[in-house]
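Novice: Chains as they are written, first to last, in my numbering: chain A, 124 to 478; chain B, 124 to 478.
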């Protein structure tokens, strides 16, 4: 608990002063006022986050948290649980979507076993993945809490510790995940935080659950919430009762990055569930989150509304792994390039009349 | 006229066969079905355009067409006309938005004087820009056609010839432009093609015209259309009567790229006006256009509807120059990376059950 509490205490809001300086500088660049729109908003955020008018963003690392979920016993997904483990081999062998998209963005990928069912000892021994395993999957949350409160804390602290280790070589963090069934705990989390009883407006088909089986998924989430009664005012309680280890790990990545005043690009539905846990524990951490994309999973919209974030991209993604974060990362480079390399009206001898 | 007609005749639709092969391949990759959404749609388009399952997209060139507009005499913009020329120096000196964003995307920028008022001879002599000047700006279209039909053809053929020259070193083209006042002819073009009489739903503030002066801009466009009566069935007539040289040049870039089976990333409002001219002359050219972003300029939505295109980005841009095209280009690299480098379920030994 000590690492979590000291991390939360270290999170300060963005610097209003540097935001103001960045805004003034951007208004002097050779273009109509704010004509690069959200790229300029992003530049101001990066300045406010890093306390710099030349924010470092070159060294990127997407931390991919993998875990399994006891709730799959309820038939909430048709994919076998072994796919979580198979996909970790795919990540290590550089064959997955996140591998090629991270490459394309110049980002590293750090794979963490934070709770996969089954052994990954060989990959740990070879240094291919980080061993942060808390347990081999969560418990089935329809019959009790997914994990203990201590495990919830540990999952978040695992994320924080990884960020602290990577920080000396990392300017920008990204979040990613893998875990068969993990749209179910993520849906439960947004259901709890939004205090909605209309689960059908939030719960969607994940990796491809047939429409006819959606009621089963909704019912499992409903039972989990009714049985556990998570307290929406207590992010740790929500995480413990209906969450997942990778979701806690992602919350930790976000809190760790925020404490270090580094931007963190939040991927899609599951990552944003982690962001909601982080927000609940530390509202100021929101200032460090950059929402990468709006997911096809319909509950993502409610999540982003709670976070008051407008995602950079809308590309009908529903893959996870951090792929949306990777796709959004070139926009951070673009924002910094604009802020640091464009000429001012004076420098370029361009008339700024009429703008 | 010969270059224009032979170019149009050379344009064939995308290859349905390669699109099908690409789709089948993408469905075998290690992710839930179509889980990378529009990135996969883009991959299929790039395959269909280039007739290849490994579409070349590395060598990018954004052709920036610059020209002036006689209609500025009507007070449709508050920026002085000399800014067009000043900005060309800014492009050459690498200080503009397009310079830093093209760099960020790994794209070259080719600047063309297709109709700027005032001499740019020194820059032409030094090889810094291409001389394609048709006239030192168009005529004021409220009092007659903006240009002759011959000039309209010549502007398009200038774009085609530049594409043909650049093609041996270019995989992907982008469109860009600079021209004080050019939201006015672009608005007139969409007004004509959409055959709307409600100009206030289309005409917007461009680089920053004060709200109180918008009626003046709308009135100028209305007079231009009423006086010239452009024929919406004849793209050359629309271009000649209410267009601009850079808009014709952009239509030429698009037609040239389409004839060579190369993708062309279409920037914002003015570029899409050029795309509408290209569409009118050659409907099949649409298959080669990739809409980069949805502009803040409200008429852009109507343009994209006529083209039946959903832009890749929505970042509240209103700068032009090709900046939106540059911002979208990394997504083409991402799409090709996914199609060419991800593992299939079989290769990665990942179970595809339940997807």
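C-beta: ideal position from N, C-alpha, C; glycine also.
(1) Under 7 angstroms Cβ-Cβ, which residues of chain B neighbour residue 246 (chain A)?
(2) Rounded to the nearest angstrom, what separates residue 383 (chain B) and residue 321 (chain B) at their Cα positions?
(3) By Cβ distance, which residues of its chain are closer than 6 angstroms to residue 179 (chain A), with the 5 residues on each side in sequence left out?
(4) Can you pull the chain B residues whose beta carbon is under 8 angstroms from the beta carbon of residue 470 (chain A), in chain order?
(5) Quick one: which chain A residues come within Cβ less than 9 angstroms of residue 64 (chain B)?
(6) Comparing C-alpha positions only, which one of A:318, A:441, A:141 and A:188 sits nearest to residue 208 (chain A)?
(7) Looking at residue 298 (chain A) and residue 387 (chain A), is the spacing between their C-beta atoms short of 8 angstroms?
(8) One question on the structure: do residue 358 (chain B) and residue 278 (chain B) come within less than 8 angstroms of each other, judged by their Cβ atoms?
(9) Work out the CA separation of residue 367 (chain A) and residue 192 (chain A) for me, nearest whole Å.
(10) So which residues on chain B does residue 179 (chain A) lean against when the C-beta distance must stay under 9 angstroms?
(11) What's the gap between the Cα of residue 323 (chain B) and the Cα of residue 341 (chain B)?
(12) Closer than 9 angstroms by beta-carbon distance: list the chain A residues that pair up with residue 203 (chain B), in chain order.
(13) On the premise that residue 408 (chain A) lies in contact with residue 434 (chain A), defined as a C-beta separation below 8 angstroms, what is that separation, rounded to the nearest angstrom?
(14) Along chain B, in chain order, which residues have C-beta atoms closer than 7 angstroms to that of residue 464 (chain A)?
(15) Can you give me the C-alpha to C-alpha distance between residue 375 (chain A) and residue 398 (chain A), rounded to a whole angstrom?
(16) Leaving out the 5 sequence neighbours to the left and right, which residues in its chain are closer than 7 angstroms to residue 379 (chain A) when beta-carbon positions are compared?
(17) Could you check what DSSP says for residue 124 (chain B) in three-state terms: helix, strand or coil?
(18) Give the DSSP bridge partners of residue 300 (chain A), in chain order.
(19) Identify whether residue 270 (chain A) lies in helix, strand or coil by the three-state DSSP scheme.
(20) Could you name the residues of chain A that residue 154 (chain B) contacts, counting a contact when the two beta carbons are closer than 7 angstroms?
(21) Starting from the C-beta of residue 429 (chain A), find all residues in its chain whose C-beta is less than 7 angstroms away, skip the five residues before and the five after it, and write them out in chain order.
(22) Consider the Cβ of residue 213 (chain A): report whether some Cβ of chain B lies at a distance smaller than 8 angstroms.
(23) Just verifying my parser: in three-state terms, what is the DSSP assignment at residue 254 (chain A)?
(24) For residue 312 (chain B), which option in B:224, B:337, B:370 and B:336 has the closest C-alpha, if you only look at C-alpha atoms?
(25) Would you mind working out which of B:128, B:156, B:165 and B:137 sits nearest residue 456 (chain B), comparing C-alpha positions?
(26) I want to verify the contact list: residues of chain B whose CB lies under 9 angstroms from the CB of residue 210 (chain A), in sequence order.
(27) Please classify residue 441 (chain A): is it buried, with 16 or more other beta-carbons within 10 angstroms of its beta-carbon, or exposed?
(28) Could you check if residue 210 (chain B) is buried or exposed, using at least 16 other CB atoms within 10 Å of its CB as the buried criterion?
(29) So with CB distances below 9 angstroms, who are the chain B contacts of residue 226 (chain A)?
(30) Of the residues that make up the segment 323-334 of chain B, which ones have a beta carbon closer than 7 angstroms to any beta carbon in chain A?
(31) Is it right to say residue 422 (chain A) is buried, meaning 16 or more other beta carbons lie within 10 angstroms of its own, or is it exposed?
(32) So is residue 446 (chain B) in contact with chain A if we call contact Cβ pairs under 8 angstroms?
(33) Consider the Cβ of residue 437 (chain B): report whether some Cβ of chain A lies at a distance smaller than 8 angstroms.
(34) May I have the straight-line CA-CA distance separating residue 328 (chain B) from residue 390 (chain B), to the nearest angstrom?
(35) Within 10 angstroms of its Cβ, does residue 469 (chain A) collect 16 or more other Cβ (buried), or is it exposed?
Specialist: By the coordinates alone:
(1) Ordered by position in chain B, no residue passes the 7 angstroms Cβ test against residue 246 (chain A), which lies about 14 angstroms from the chain.
(2) 38 angstroms
(3) 294
(4) 218
(5) Absent from the model: residue 64 (chain B). The displayed extent of chain B is 124 to 478, so no value can be given.
(6) A:188
(7) yes
(8) no
(9) 7 angstroms
(10) By Cβ distance, chain B contributes nothing, its closest Cβ being about 15 angstroms from residue 179 (chain A), past 9 angstroms.
(11) 7 angstroms
(12) 474, 476 and 477
(13) Not confirmed; about 17 angstroms, so no contact.
(14) 223
(15) 9 angstroms
(16) 130, 282, 283, 286 and 287
(17) coil
(18) A:188
(19) coil
(20) 220 and 442
(21) 316, 317 and 399
(22) yes
(23) strand
(24) B:370
(25) B:165
(26) 153, 471 and 473
(27) buried
(28) buried
(29) 460 and 464
(30) 330 and 331
(31) buried
(32) yes
(33) yes
(34) 18 angstroms
(35) exposed
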